[in-house]
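In what follows, a structure is listed as structure tokens, so that the remarks can point back to it.
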Amino acid sequence: MTVGRFITFEGIEGVGKSTQLARLQAALTAAGREVVVTREPGGTPLAERIRALVLHDRSEPMPDAAELMLMFAARTVHTENLIRPALARGAWVLCDRYTDATYAYQGGGRGVADQAIAPLARLAQRGLAPDLTLLLDVPVAAALSRARARTAEADRIEAETQAFFERVRTRYLERAALEPARVRVIDASGDIAAVEARVQAALATLAADGRG
Ligand code: Z5A
């Protein structure tokens with residue numbers, strides 16, 4: 012039985028997910044919650060090995076279907092071995108990306124059909140879904156300029172074009188419109204404290220819904 016809370020952060024690269032996730036972790040920990048912070052692809056030793064393959068292996072071309080299935084292989088391991096046990100003992104799981112990212116990147120970005128994604132999502136998640144998804148949103152150019160101010164070498168997906176990220180952002184916003192109770196769009200422009208206040212306001216609505 013799920014007794015903790017499962018909160019995911021989504022958005023295009025550089026939008027500020029990791030920054031806000033760390034702030035929410037601090038706030039929830041200070042409030043006495045057990046908090047588990049994790050990410051996708053990855054989150055467990057095996058899933059992190061899949062992450063290294065899917066994001067960094069350039070030894071040969073990676074077909075879109077292979078990229079899709081590697082994302083779900085990592086997600087299945089992560090869901091079964093880390094997320095479900097943490098929720099079962101009452102922890103709040105804060106996850107940097109989950110299945111919405113697959114619909115946005117492999118679906119919107121690569122053009123894989125939703126009909127190919129949905130059955131894999133059902134297999135990997137076995138009924139588990141986030142209680143709340145915070146979709147951080149700014150225009151693509153602003154997010155990429157935040158991300159590219161850092162010095163790390165771009166991975167296979169970060170190296171994509173601005174047009175790719177426009178499609179990813181559009182798909183994220185479409186998904187939010189389809190599931191407004193779960194997916195809250197957070198205006199991620201402005202300084203870090205201003206965005207944090209918007210995240211806290213979205214969290215308060217989770218509590219008001221009786222899910223917090
Ligand atoms: N992927 C996929 O294709 N399919 C899937 O199913 C899944 C993932 C699950 C994982 O990337 C890649 O996997 C991702 C999608 C793909 N590829 N892309 N692109 P990752 O985990 O390596 O990185 P990321 O998720 O893209 O996040 P990121 O680049 O680390 O960005 P972020 O976490 O959103 O931003 P940040 O690190 O918090 O902030 C970026 C910089 O901006 C940093 O210097 C901050 O100090 C600064 N910042 C943050 N907030 C602000 C504000 N408000 N103002 C100004 N500056 C700010």
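Residues in the sequence shown are numbered from 12 upward in steps of one, following my numbering. Glycine residues also receive a C-beta, built at the ideal position from the N, C-alpha and C atoms.
Asked, Found
"Helix, strand or coil for Glu24 per DSSP?", "coil"
"Please state if the CB of Thr110 and the CB of Ala127 are separated by a distance shorter than 8 Å.", "no"
"Does the stretch 173-181 come close enough to the stretch 116-126 that 3 or more CB-CB pairs lie under 8 Å?", "yes"
"If you count every other CB in all the chains shown that lies within 10 Å of the CB of Glu21, and 16 or more means buried, which is it?", "buried"
"Around the Cβ of Gly101, are there at least 16 other Cβ atoms within 10 angstroms (buried) or fewer (exposed)?", "exposed"
"For Leu143, which residues in the same chain have their Cβ closer than 6 Å to its Cβ, ignoring the five residues on either side in sequence?", "Ile18 and Leu217"
"Does the beta-carbon distance from Thr55 to Val104 come in below 8 Å?", "no"
"Report yes if the CB atom of Leu32 is closer than 8 Å to the CB atom of Asp107, and no otherwise.", "yes"
"Check this for me: beta carbons of Ala158 and Gly25, under 8 Å apart or not?", "yes"
"Just to confirm my understanding: we take Ser156, look at its own chain, exclude 5 residues before and 5 after, and list those with CB closer than 7 Å. What are they?", "none"
"Given a cut-off of 8 Å on the beta-carbon distance, is the pair Pro10 and Met80 in contact?", "This structure gives no information on residue 10, because the portion of the chain shown stretches from 12 to 223."
"Can we say the stretch 182-201 touches the stretch 57-77, given the rule of at least three CB pairs closer than 8 Å?", "no"
"If you follow the alpha helix (DSSP H) that Leu64 is part of, which residue opens it and which one closes it?", "Pro56 to His67"
"According to DSSP, which residues form a beta bridge with Asp107?", "Phe20 and Arg50"
"So does Tyr116 have its beta carbon nearer than 7 Å to some heavy atom of the ligand Z5A?", "yes"
"What would DSSP say about Arg193, mapped onto helix, strand or coil?", "coil"
"Comparing C-alpha positions only, which one of Gly15, Val14, Arg16 and Ile23 sits nearest to Glu169?", "Ile23"
"Could you check how far apart the C-beta atoms of Thr87 and Ala129 are, in whole angstroms? I think they sit under 8 Å.", "In fact, because the Cβ distance is near 15 Å, the residues do not count as touching under 8 Å."
"Nearest to Leu93 by CA position, among Phe175, Gly15, Leu189 and Gln211, is which residue?", "Gly15"
"Which one or two residues does DSSP pair with Asp198 in a beta bridge?", "Asp148"
"List the endpoints of the continuous alpha helix (DSSP H) containing Glu78.", "Asp75 to His89"
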